[in-house]
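*Asks:*
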Amino acid sequence: MSDDEDEEPAVSLGEHTPVEGAPLARVTSRLTWPKEKSEVDRLEGDSVIRTPDGPRELSAVLEEVDETYFQRRQEFERHVRDVIGTGPVPTADE
């Protein structure tokens, strides 16, 4: 058997289910830290992130965050998750 042969995947991956918005980690990975909240808003405020309540613009979420300066990405993500919550993210069809 050759590695070049087209084969079925060893594991069934299921159907592609679209989800609106970007994962928070993808947005925060584009930034360098430390960063002020206003600078995060200027650079990524228009980004739409996935939340358990559906997609939201990061700038709207930042309005609800009390902290104004973030030393590390993890600190920023924790503050954002305190606002948006955690849990399953609805698909685009829901």
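Numbering of the sequence shown is given in full-length UniProt numbering, commencing with residue 1 and proceeding in unit increments. Glycine included, each C-beta is placed from N, C-alpha and C at the ideal position.
Considering Cα atoms alone, identify which of V40, K37 and E57 is closest to A22.
*Replies:* A22 has its Cα closest to that of E57, out of V40, K37 and E57.
*Asks:* The alpha helix (DSSP H) with R73 in it runs from where to where?
*Replies:* Counting along the chain, the alpha helix (DSSP H) containing R73 begins and ends at R73 to I84.
*Asks:* Can we count E20 as close to the ligand ADP, meaning its CB is less than 7 Å from some heavy atom?
*Replies:* In the structure on display, the ligand ADP does not appear, and there are no ligands present to speak of.
*Asks:* Looking at the structure shown, is R42 part of a helix, part of a strand, or coil, going by DSSP?
*Replies:* In the structure shown, R42 sits in a helix (DSSP, three-state: H, G or I).
*Asks:* With burial defined as no fewer than 16 other Cβ atoms inside 10 Å of the residue's Cβ, what is the status of T28: buried or exposed?
*Replies:* By the neighbour-count rule (16 or more Cβ atoms within 10 Å), T28 is buried.
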